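Notes for the one structure printed next.
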Amino acid sequence: MIPRLYPAIDLLEGRAVRLLRGERKHYKIYSEDPAAQARQFVEQGASELHLVDLDAAFGGKRQAKLIERIVASVAPALVQVGGGIRTLQAAEETLHAGAGRIILGTAAVEKPALAGDAVEKFGVDRVACGLDIKEGRAATRGWTEARGPAARELAAELAAQGVRWMVVTAVSRDGTLEGFDLALLRAVTQAAPGAHLIASGGAGDLSHLRVLAAAGLHTFAGAIAGTALYEGRFTIREGQAVLEGPC
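Numbering (numbering that gives the first Met the number 0), first residue to last: 0 to 246.
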């Protein structure tokens, strides 16, 4: 498997933003037109995108029409979509809107069996689970609560449910540009050695991607980058080349 770089687009009130450490009150607007931003990422070389509906994640209305418009605007690029998807119906609606893969966060933590049901219903490659780790425990409800199990425990349970794709985020590093939490990522791969791991939280420069690519993580599938791309720390093509390693 060739690891992919996933540019992140976080939706809040119709705009593309970035949060700092997952805190809603600390955000920066990067685009008033998320669909245009998505197209720009694809034009710059992205073949996959990471799209999160923060409004829904924080308990508000799902931005279904905006998500559908964004996904349609970048076809055939694969867009994985998360944020507030807490039922099979919501998952199905998101997939029907064109998402290539849905991400279950709160639902996977609170009802791991639902993740297994989603895998069975939609297919193993169309369902990912978000392991959003804050202060050592899985965070839910838009990262506002950190009362879930530890990363190892959650990863093992989700693997037992048949989940193959896991998006692992170190919440304390999200938006900080400080680098990935390799200890967290290794803990997940040890607990779920067959999982396709997408690393998130802390991408700041190409050196962080080099360290990640060289970490020897089993079935490493990619990395998410947001703030670093918006602020020009590296380009999508540069990041992708690092993840792919020497030819």
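Ideal placement from N, C-alpha and C gives every residue a C-beta, glycine not left out. The structure presented is a predicted model; accordingly, all values stated were derived computationally and were not measured.
Determine the burial state of residue i: buried for a count of at least 16 other Cβ atoms within 10 Å of its Cβ, exposed for fewer.
i	result
I28	exposed
D32	exposed
V41	buried
E248	The first residue shown for the chain is 0 and the last is 246, placing residue 248 beyond what the model contains.
I235	buried
M0	exposed
K24	exposed
P2	buried
Please list the terminal residues of the continuous beta strand (DSSP E) segment that includes residue i.
i	result
P248	Lying before the first or after the last residue shown, residue 248 is absent from the chain, which here runs from 0 to 246.
G115	It is not in any beta strand (DSSP E) - G115 instead sits in the alpha helix (DSSP H) that spans 111-121.
A15	14-19
A220	219-224
L11	3-11
When you compare only the Cα positions, how much space is there between residue i and residue j?
i	j	result
V80	L196	16 Å
R140	C128	14 Å
A222	L4	5 Å
E119	L87	11 Å
K110	E144	16 Å
I69	A7	13 Å
G21	A169	10 Å
P75	D54	26 Å
W142	D131	7 Å
T175	Y26	12 Å
A224	H95	26 Å
F233	W164	26 Å
L19	V51	15 Å
V78	A37	10 Å
G104	V167	10 Å
G97	R61	15 Å
C246	A89	With a pLDDT of 47 at C246, under the threshold of 50, the predicted position of this residue should be treated as unreliable, and no value is reported.
S72	A194	30 Å
L65	G83	15 Å
Determine the extent of the alpha helix (DSSP H) in which residue i is found, giving its start and end residues.
i	result
I66	63-72
Q43	Segment: none, Q43 is in no alpha helix (DSSP H) and carries neither H nor E.
G238	235-243
Kindly give me the distance between the Cβ atoms of residue i and residue j, rounded to whole angstroms, as I take these residues to be in contact under 8 Å.
i	j	result
R85	V126	That belief does not hold up - the Cβ atoms of R85 and V126 are roughly 13 Å apart, past 8 Å.
V187	A227	At roughly 22 Å, the Cβ-Cβ gap does not stay under 8 Å, so V187 and A227 are not in contact.
Can at least three beta-carbon pairs, one atom from the stretch 144-151 and one from the stretch 192-210, be found at a separation below 8 Å? no
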